[in-house]
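For the record, the sequence lines run as chains A and B.
Going by numbering that gives the first Met the number 0, the first residue of the first sequence is number 0, and it counts up by one from there.
Going by numbering that gives the first Met the number 0, the first residue of the second sequence is number 0, and it counts up by one from there.
No residue lacks a Cβ here, since even glycine has one placed at the ideal position from N, Cα and C.
Data block below; observations after.
2 protein chains.
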Amino acid sequence: MGYETSTDPAPPPQGSHPERFGAPTGAHARAQLLAFAPLFFQAARCARDLGLLSALERAGGAGLTPDEAAQAAGISRYAAHVLLEACASLELAQLEEGRYRLLDTGRLVLHDPMVRVNFDFTHDVCYRAGFRLRESLEQGRPAGLRELGPWPTVYEGLTHLPEAAKQSWFAFDHFYSDRIFHLALGEIVARSAASLLDVGCNTGRWSALASRTMTVTGVDHEAQLRLAGEHVAAHGCPSRFTAAPLDLLDHSKPFPEGFDAVWMSQLLDCFSEADIERLLARAKSALTPNGRVYVVETFWDRQRSAPPRIALHGTSLYFTCVANGESRMYQSDDVLVCARAAGLEVELDRPLGPWHTLLVLRGDRSPSRPASPS
Amino acid sequence: MGYETSTDPAPPPQGSHPERFGAPTGAHARAQLLAFAPLFFQAARCARDLGLLSALERAGGAGLTPDEAAQAAGISRYAAHVLLEACASLELAQLEEGRYRLLDTGRLVLHDPMVRVNFDFTHDVCYRAGFRLRESLEQGRPAGLRELGPWPTVYEGLTHLPEAAKQSWFAFDHFYSDRIFHLALGEIVARSAASLLDVGCNTGRWSALASRTMTVTGVDHEAQLRLAGEHVAAHGCPSRFTAAPLDLLDHSKPFPEGFDAVWMSQLLDCFSEADIERLLARAKSALTPNGRVYVVETFWDRQRSAPPRIALHGTSLYFTCVANGESRMYQSDDVLVCARAAGLEVELDRPLGPWHTLLVLRGDRSPSRPASPS
């Protein structure tokens, strides 16, 4: 029963300071952190947003008692106690001789932009929906989305989300896309593309950038394309931009045709593998003979360390219970298999910045129509 | 920005197996696990309840591919993918060469009764309320409780909770109390107590046990005392049990008097420190001259390893957003200070089982009324 039969290798805390605790490592500690994870998440967020982590940071190595921390952050003594104790269990802070000092994980929660954008996204977009993860998995639809609005998938609702959810959704989306735009554009320009089809053009940030060097046709929901058009007008070359409303999931509708480049950045992870294959086939049909499909994804097997891989696995669960109930952050092979099945072959497969992969795909050499006898 | 300025000491994964990943240790990994913690919590719960962890356990060292796991657990291929990937990030399972194998933390999530009771309590009682932790801290009231019902504190609502919440609440409560009952009773019997006041007698499990060897008066909300009376009738000696309805927070109302033992087990953590001092003073007034107050608590500073301390810090957050907004799992000194202030001194301070501490308190020797001149 319980700890009596523990397999936890962590020894009890030793040493002369009864209030200095060993780090909560080991299987048992991980299991208990997980068992209370939603409450600990909220405590960490409150410690960040109520100024407690900042107060600890200002105190430096001297640290703060709970009473001092309460005064420094302007929160109740009670709030300081429960939050500091949670921070100690989470290793955001260290407790020694009655004083709490900020640790590296606490500094990351306070300052790291990726950690912050993920925290806000989880709270504002995913938290309440997460209660219905099981329902979502069993039904194959985003059962948690009802906490945000009455849409079948999040994409219909993006422009109508509650304000905090909208802000955190777009902050999250842009954080992972904007930084690779210039790197990717270089590859497209190097292949002398003069026309580009932006599939899922979202808020139009990529279309605006690309329209400065080539003609761009944006494909997305109509409401989204209106926003995109405004963004291109403000930040790009609107005379080179055309909006082409289209339901990406209606595979009977071909994409507009005759493009040197078809752009699909962080788009395919919004679709099931069956849909990915058909989207890639429609993309292939939209190409000029010398055209390429440019796919940008954050594949979890291509990450060079655990932290971004963890973030991608967490993001998959957002797709399950909020977005569409059937897509996820993929491994590279998942998408490469779909590309081959769609008649595309890989011309280039390279990292793009710290987390992204660019796939440049061309129509394969094998004839797609009956070959003439040689 | 982000990982480029990372302080994470974890090296990138090495070795000949590109699909074998290093353990997600280090500050950055902890921060990302925390940023998605509510979703990961739900994924772990689904992996447990949908039979995925059991399927991995049955597969043993051979492990399972996502397709095999989906078939073995009877879930969709999609569900198997997102849950297995979350399990890998959580170190519930290990991914190597495309196969997932259960790790110790996964075995604990599946089988450890304490981990299970905490998981269910967090999901059924605390999850939705946790969204309002900040509001609770700022207002000093359990702002999340509205997700369960319209009561000012959880105690008025205990008998009316939604069924899943009620089951998980009582399973949690009983898990941490039942196991120490016989140990504590030994200390009371050793002091020849013939009458006991059970303060906060809850479902009557302790009253039933104690009534077999002494007379018992139960103090609690009226609705709770009805349940307790039924339990004593079924499992104890109802002729030795008296119900005394009382609002514990109305400090103008003294407790019934003349008891050899006043029993307060896992009661004081339901109150603020100011209230604890007054409750202990009322307890002292209820004693015969030779009587003792018996306090049982799970003090977080008295735990011998990190896992139960983590669980106690998590439980404090339940008090914040669900129970009453002002109490928490205390350090031993917090309660000892209150006891001294209430005019009680410590006769015995001993561990009781793996997590509990028993304090036996007597009226102090210093006269509580004006002493006659010597």
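Is A:Thr319 closer than 8 Å to A:Leu63 when the C-beta atoms are compared?
no
**Prompt:** Can you tell me whether A:Pro23 is buried or exposed, with buried defined as 16 or more other CB within 10 angstroms of its CB?
**Reply:** Low local confidence applies: a pLDDT of 47 at A:Pro23 is under 50, so the model's placement there is unreliable, and no value is given.
Margin query: Could you check whether the segment 41-61 of chain B touches the segment 96-113 of chain B, counting it as contact only if at least three pairs of C-beta atoms, one from each stretch, sit closer than 8 Å?
Written below: yes
Give the residues from the segment 166-192 of chain B that approach chain A closer than 9 Å (Cβ to any Cβ), ordered along the chain.
-> Phe174, Arg178
Next on the checklist: What I want to know is whether the C-beta of B:Gly352 ends up closer than 7 Å to one or more non-hydrogen atoms of the ligand COA.
Outcome noted: As far as ligands go, the structure on display features none, and thus does not contain the ligand COA.
Excluding five sequence neighbours on each side, which residues of the same chain lie with their C-beta closer than 6 Å to the C-beta of B:Ile74?
Leu49
* Assign A:Lys252 to buried or exposed, taking buried as 16 or more other Cβ atoms, counted over all protein chains shown, within 10 Å of its Cβ. => exposed
Check your understanding: Beta carbon of A:Ala43, beta carbon of B:Leu33: below 8 Å?
Key -> yes
| said: Counting only Cβ pairs nearer than 7 Å, list the residues of chain B close to A:Thr121. | reply: Ala34, Phe35, Pro37, Leu38
Next on the checklist: Please report the distance separating the alpha-carbon of B:Ala87 from that of B:Gln93.
Outcome noted: 5 Å
Within the segment 90-114 of chain A, note down every full beta strand (DSSP E) run reaching 3 residues or more, in order along the chain.
92-95, 98-101
Beta-carbon neighbours of B:Asp48, restricted to chain A and to distances below 9 Å: Arg133
query: Going by alpha carbons, who is nearest to A:Leu347 out of A:Leu82, A:Leu196, A:Glu186, A:Pro65?
result: A:Glu186
Note to self: Distance cutoff 8 Å, beta carbons only. Does B:Phe20 sit that close to anything in chain A?
What the structure shows: Any reading at B:Phe20 must be qualified, since the residue scores a pLDDT of 43, below 50, and its modelled position is unreliable; no value is offered.
* Delimiting residues of the beta strand (DSSP E) encompassing B:Arg57 -> Note, B:Arg57: premise wrong, no beta strand (DSSP E); alpha helix (DSSP H) at 51-58.
query: At which residue ranges does the segment 174-223 of chain B contain complete alpha helix (DSSP H) runs of 4 or more residues, listed in the order of the chain?
result: 180-189, 204-209
- [ ] Note down, in chain order, each residue of its chain lying with its Cβ closer than 6 Å to the Cβ of A:Thr214, except the 5 sequence neighbours on either side.
- [x] Ser194, Arg239
query: Does the Cβ-Cβ distance between A:Glu155 and A:His220 come in under 8 Å?
result: yes
**Study point:** Where the beta strand (DSSP E) through A:Ala243 begins and ends
**Key:** 240-244
Who are the Cβ neighbours of A:His122 in its own chain at under 7 Å, not counting the five residues just before and after it? Arg44
Quiz item: Among A:His27, A:Ala69, A:Pro141, A:Val231, which one has its Cα closest to the Cα of B:Glu90?
Solution: A:His27
* Would you decide whether A:Gly313 is buried or exposed? Buried here means 16 or more other CB atoms lie within 10 Å of its CB. => buried
Between which two residues does the beta strand (DSSP E) holding A:His250 run?
Here A:His250 belongs to no beta strand (DSSP E), and DSSP marks it neither H nor E.
Q. Does DSSP classify A:Ala304 as helix, strand or coil?
A. Here the sequence assigns Ser to residue 304 of chain A, which means Ala is not the residue at that position. If DSSP states are grouped into helix, strand and coil, A:Ser304 belongs with coil.
Subject >> Cβ-based burial, A:Arg349 [other Cβ within 10 Å; buried from 16] >> reply: exposed
**Prompt:** Any idea what DSSP makes of A:Gly73, helix, strand or coil?
**Reply:** coil
Q) Would you report the Cα separation of B:Ala232 and B:Ala207, rounded to the nearest angstrom? A) 8 Å
Beta-carbon proximity of B:Val114 to A:Ala30, cut-off 8 Å: yes
| request: Indicate the three-state DSSP secondary structure (helix, strand or coil) for B:Asn289 in the structure shown. | output: strand
Cut-off 6 Å between Cβ atoms - residues of its own chain near B:Arg301, not counting five sequence neighbours on either side:
Ser331, Thr356
> How would you label B:Glu18, buried or exposed, when you count the other beta carbons within 10 angstroms and need 16 or more for buried?
Replying inline: Note on B:Glu18: pLDDT 35, under 50, position unreliable in the model; no value is reported.
- Item | Separation of A:Val124 from A:Ile374, as counted between CA atoms | Because chain A is modelled from 0 through 373, residue 374 of chain A falls outside the range shown and cannot be assessed.
Partner residues on chain B for A:Asn323, Cβ-Cβ distance less than 9 Å
Those within 9 Å of A:Asn323 in chain B number zero; the least Cβ separation is about 11 Å.
inquiry  = Restricting to Cα atoms, I'd like to know which of B:Asp274, B:Glu146, B:Cys236, B:Arg225 is closest to B:Ala338.
reply    = B:Asp274
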